[in-house]
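Visitor:
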Amino acid sequence: MDSAKTCVTKFKSFAILLFTPILMLPLVILIPDKVCIQYMKDTNMLFLGSLIVAVAVERWKLHKRVALRMLLFVGTKPSRLMLGFMFVTAFLSMWISNTAATAMMIPIVEAMLQQMIAANTAVEASLGTLELLDKNKTSELPGSQVVFEDPNVQEQEDEETKNMYKAMHLCVCYSASIGGTATLTGTGPNVVLLGQMQELFPDSKDVLNYASWFGFAFPNMVMMLVLAWLWLQCLYMRHNLKKTCICCGEKKRDTEKIAYKVLNEEYQKLGSLSYPECNVLFCFTLLVILWFSRDPGFMPGWLSFAWVEGNTVHITDATVAIFVAILLFIIPSQKPKFNFSSQTEEERKTPFYPPALLDWKVAQEKVPWDIVLLLGGGFAMAKGCETSGLSKWMAAQMEPLRLVKPAVITLILSCLVAMTTECTSNVATTTLFLPIFASMARSIGIHPLYVMIPCTMSASLAFMLPVATPPNAIVFAYGHLRVVDMMKTGLIMNFVGILSVFLSVNTWGRAMFNLDNFPDWANSTSVNT
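Residue 1 is where the sequence shown starts when you use the UniProt record's numbering, and the numbers rise one by one after that.
(1) Between Thr456 and Asn190, which are expected to be in contact by the criterion C-beta below 8 Å, what is the C-beta distance as a whole number of angstroms?
(2) So, with DSSP's three-state summary, where would you put Ala356?
(3) Check Phe148 in the structure and name its three-state DSSP category.
(4) Are the beta-carbon atoms of Met496 and Ala167 separated by less than 8 Å?
(5) Can you have a look at Asp520 and say buried or exposed, based on whether 16 or more other CB atoms are within 10 angstroms of its CB?
(6) Among Ile492, Gln397, Met82 and Gly377, which one has its Cα closest to the Cα of Cys36?
(7) Three or more beta-carbon pairs under 8 Å between the stretch 385–392 and the stretch 462–469, yes or no?
(8) Put Pro332 into one of helix, strand or coil per three-state DSSP.
(9) Which residue from Ser333, Leu303 and Lys257 puts its Cα closest to that of Cys283?
(10) Based on Cα-Cα distance, which residue from Gly445, Phe433 and Phe379 lies nearest to Pro400?
(11) Under a Cβ-count criterion, where at least 16 other Cβ atoms within 10 Å of its own Cβ denotes burial, should Ile268 be classed as buried or exposed?
(12) I need the straight-line Cα distance from Arg238 to Lys162, nearest angstrom please.
(13) Using the Cβ count rule (16 or more neighbours within 10 Å means buried), how would you classify Met40?
(14) Within a Cβ cutoff of 6 Å, which residues of the same chain sit near Ser50, ignoring the five residues on either side of it in sequence?
(15) Looking at the structure shown, is Lys405 part of a helix, part of a strand, or coil, going by DSSP?
(16) Comparing the CB of Trp508 with every heavy atom of the ligand SAH, is any distance shorter than 7 Å?
(17) Can we say the stretch 355–362 touches the stretch 398–412, given the rule of at least three CB pairs closer than 8 Å?
(18) Can you tell me whether His314 is buried or exposed, with buried defined as 16 or more other CB within 10 angstroms of its CB?
(19) Between the Cα of Lys335 and the Cα atoms of Asn279, Leu375, Lys366 and Trp360, which residue gives the shortest distance?
(20) Could you give the DSSP three-state label for Asn514: helix, strand or coil?
(21) Using CA coordinates, which residue listed in Ala54, Pro21 and Lys34 is at the minimum distance from Ala363?
(22) Please state if the CB of Val66 and the CB of Ile96 are separated by a distance shorter than 8 Å.
(23) What does the Cβ neighbour count give for Phe305, buried or exposed, with the cut at 16 atoms within 10 Å?
(24) What number of angstroms, rounded off, separates the C-alpha of Leu46 from the C-alpha of Val484?
(25) Apart from the five residues on each side of it in sequence, which residues of its chain come closer than 7 Å, Cβ to Cβ, to Arg510?
(26) At what residues does the alpha helix (DSSP H) containing His63 begin and finish?
(27) Starting from the N-terminal side, write out each stretch of the alpha helix (DSSP H) that is 4 residues or longer and does not extend beyond the stretch 447–487.
(28) For the alpha helix (DSSP H) holding Thr387, just list the boundary residues, first then last.
(29) Tell me the rounded alpha-carbon separation between Asn209 and Lys383.
(30) Going by the beta-carbon positions, is the gap between Ala103 and Ile474 smaller than 8 Å?
(31) So, helix, strand or coil for Glu422, using DSSP?
(32) Look up Val280 in the DSSP assignment and say whether it is helix, strand or coil.
(33) State the start and end residues of the unbroken alpha helix (DSSP H) segment that holds Trp213.
(34) Following the continuous alpha helix (DSSP H) through Met40, name the residue where it begins and the one where it ends.
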């Protein structure tokens with residue numbers, strides 16, 4: 001586990017390098033105030049607000065309660081258990097970082113598998129003892145034989161155990177990466193896309209918001225999870241596919257009972273729902289409701305009642321995120337005591353208003369400020385590329401793509417981004433490519449989102465290498481996987497992801513974002529030096 005932490009945090013000391021655009025760009029093209037404003041854009045505030053809410057959820061262990069409750073609900077047959085772990089991890093990754101979701105789920109997986117293996121060993125040992133005790137009695141029966149276990153059978157069982165470990169660990173890291181794509185703040189590339197849209201196409205208004213993105217990306221996430229589950233089942237658990245089929249009505253095996261017991265014990269340790277957990281759950285629910293109802297698209301949202309003046313929108317998704325984040329610093333973590341007459345002397349000495357759900361010290365320690373700076377540095381570099389004309393020049397080199405069908409263009413670019421993100425940060429990848437792809441789309445006359453959406457989602461398809469993303473590194477650190485295993489499994493997962501995104505964009509994505517028509521807002525950009 002230490003090696004995973006080292007892998008994840010080894011570049012944190014270089015966070016200061018993310019300020020270099022403030023130093024270098026004014027020397028070349030941009031004045032300092034135009035650079036500095038990129039670090040505190042509306043998009044950055046949206047991401048920061050959602051991170052603070054995630055810190056509160058993690059601090060009071062609400063995510064663990066939700067995860068265990070959902071796992072107990074789906075059941076403990078191996079196939080159901082794997083599917084349960086995948087959907088639970090993906091759900092958590094929609095709201096908290098994929099690293100935190102993986103770091104929480106993997107110890108649960110590990111403890112459950114160890115208990116299951118120990119139970120299997122104990123059962124086999126007891127059966128062997130009974131067989132030896134009855135050896136004399138069975139020899140008295142005519143034609144009876146003592147059957148000894150075939151070494152090949154033992155080797156096969158050991159191989160099945162190893163495959164079970166591989167499948168269960170891979171399903172967690174894959175679903176953590178997939179789950180983040182479903183919400184606008186679930187992963188860095190989505191936030192970069194929103195920021196680039198606001199910067200490159202200021203007239204696009206609210207084409208891309210929390211509700212519209214969720215409506216497009218959530219079905220794609222479900223489809224990718226199911227396909228990933230089928231692939232892992234076929235690759236690592238095909239020997240047991242019949243036994244573990246969801247539709248089978250077989251009696252629970254001992255290992256399934258052990259798995260249920262482990263999960264139930266972990267859940268019981270949490271106790272009943274506490275007062276701070278209820279308050280965090282209220283804030284989280286309020287955040288989601290306000291995000292989805294602000295401007296749902298198919299009906300007027302609460303935004304239209306008082307906060308829209310012509311083409312000016314006074315409240316964005318970032319406003320909602322910061323509002324709920326501030327609530328977390330106000331709402332108490334304990335019930336205030338109003339019965340002053342019955343209080344003891346000690347109780348009267350304590351402050352009347354209890355500590356809040358969050359304080360700045362916790363937020364300062366837990367919020368990944370380097371990611372916030374990475375977003376800002378990326379936006380500053382993108383602004384520099386746009387202002388200097390570099391993006392337009394690179395887009396002009398892609399003019400021959402005008403002769404290629406748009407669907408083929410998106411497929412080629414998605415593959416390019418998916419390969420690149422295996423070796424670089426997904427945020428850096430999208431920050432580098434999106435301005436170029438946006439300029440290319442405008443120059444060849446196709447809808448910018450038709451290129452930008454699949455490339456953004458492809459940046460999250462880092463499945464092949466342990467160093468490609470923190471969830472992969474955490475899983476790899478437990479020692480059950482080899483690099484070859486991850487590459488073999490991840491290569492097919494990359495193709496599955498690219499094809500899923502391609503299908504989503506060319507079906508319901510076309511209808512939702514009107515991708516068949518070149519929009520008026522794409523004809524002009526805002527370039528201020």
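All C-beta atoms in this analysis are idealised placements derived from N, C-alpha and C, irrespective of residue type, glycine included.
Guide: From the atom records:
(1) Position 456 of the sequence shown, counted from the first residue, corresponds to residue 456. Position 190 of the sequence shown, counted from the first residue, corresponds to residue 190. Confirmed, about 6 Å.
(2) Numbered from its first residue, the sequence shown carries residue 356 at position 356. Of the three classes helix, strand and coil, the one that applies to Ala356 here is strand, per DSSP.
(3) Position 148 of the sequence shown, counting from 1, holds the residue named residue 148. Low confidence applies here, because Phe148 scores a pLDDT of 43, under 50, leaving its location unreliable and the question unanswered by this model.
(4) What you label residue 496 is simply residue 496 of the sequence shown in a count that begins at 1. What you label residue 167 is simply residue 167 of the sequence shown in a count that begins at 1. This sequence places Val at residue 496; Met is not what is there. No, Cβ-Cβ distance for Val496 and Ala167 is not below 8 Å.
(5) Sequence index remark: in the sequence shown, residue 520 carries index 520 (1-based). Exposed, because fewer than 16 other Cβ atoms sit within 10 Å of the Cβ of Asp520.
(6) Here the question's residue 36 lines up with position 36 in the sequence shown. Closest option to Cys36, Cα to Cα, is Gly377.
(7) no
(8) Taking the first residue of the sequence shown as 1, we reach residue 332 at position 332. Three-state DSSP puts Pro332 in a strand.
(9) As a working mapping, residue 283 is identified with position 283 in the sequence shown. Here the closest residue by C-alpha is Ser333.
(10) Looking up residue 400 in the sequence shown gives position 400. Among Gly445, Phe433 and Phe379, the Cα nearest to that of Pro400 is on Gly445.
(11) The residue you call residue 268 lines up with position 268 of the sequence shown. The question names Ile, but residue 268 is Gln in the sequence shown. That one is exposed.
(12) Your numbering for residue 238 matches position 238 in the sequence shown. Your numbering for residue 162 matches position 162 in the sequence shown. Cα to Cα, the separation comes out at about 13 Å.
(13) As a first step, residue 40 is located in the sequence shown; it is residue number 40 there, counting from the start. The residue in question, Met40, is exposed, as its Cβ has fewer than 16 Cβ neighbours within 10 Å.
(14) As a first step, residue 50 is located in the sequence shown; it is residue number 50 there, counting from the start. Thr185 and Ala321.
(15) As a working mapping, residue 405 is identified with position 405 in the sequence shown. Three-state result, Lys405: coil.
(16) What this structure holds is no ligand at all, so the ligand SAH is not there to describe.
(17) no
(18) What you label residue 314 is simply residue 314 of the sequence shown in a count that begins at 1. Flag for His314 reads exposed.
(19) Working through the sequence shown from its first residue, we reach residue 335 at position 335. Ranking the options by Cα distance to Lys335, first place goes to Asn279.
(20) For the purposes of this step, residue 514 is identified with residue 514 of the sequence shown, where counting begins at 1. Note: Asn514 maps to coil in three-state DSSP.
(21) Mapped onto the sequence shown, residue 363 falls at position 363. Ala363 has its Cα closest to that of Ala54, out of Ala54, Pro21 and Lys34.
(22) On the sequence shown, residue 96 is found 96 positions in, with the first residue counted as 1. On the sequence shown, residue 66 is found 66 positions in, with the first residue counted as 1. Their beta carbons are not under 8 Å apart, which means Ile96 does not touch Val66 by this criterion.
(23) For the purposes of this step, residue 305 is taken as the residue at position 305 of the sequence shown. It counts as exposed.
(24) Locating residue 46 in the sequence shown gives position 46, counting from the first residue. Locating residue 484 in the sequence shown gives position 484, counting from the first residue. When rounded, the distance between both Cα atoms is 38 Å.
(25) On the sequence shown, residue 510 is found 510 positions in, with the first residue counted as 1. Within the same chain, Arg510 has close Cβ partners Asp516.
(26) Position 63 of the sequence shown, counting from 1, holds the residue named residue 63. Start and end: Leu62 to Val74.
(27) 448–458 and 470–476
(28) Residue mapping note: residue 387 aligns to position 387 of the sequence shown, counting from 1. Its alpha helix (DSSP H) spans residues Trp369 to Ser388.
(29) Taking the sequence shown and counting its residues from 1, the one referred to as residue 209 is at position 209. Taking the sequence shown and counting its residues from 1, the one referred to as residue 383 is at position 383. Approximately 21 Å between the Cα atoms of the pair.
(30) Here residue 103 refers to the residue found at position 103 when the sequence shown is read from its first residue. Here residue 474 refers to the residue found at position 474 when the sequence shown is read from its first residue. Closer than 8 Å, so yes.
(31) Mapped onto the sequence shown, residue 422 falls at position 422. It is coil, neither helix nor strand.
(32) As a first step, residue 280 is located in the sequence shown; it is residue number 280 there, counting from the start. Helix.
(33) Taking the sequence shown and counting its residues from 1, the one referred to as residue 213 is at position 213. Taken as a continuous stretch (DSSP letters only), the alpha helix (DSSP H) holding Trp213 covers Tyr210 to Tyr236.
(34) As a first step, residue 40 must be located in the sequence shown, where it is residue number 40. Taken as a continuous stretch (DSSP letters only), Met40 belongs to no alpha helix (DSSP H), as it is neither H nor E.
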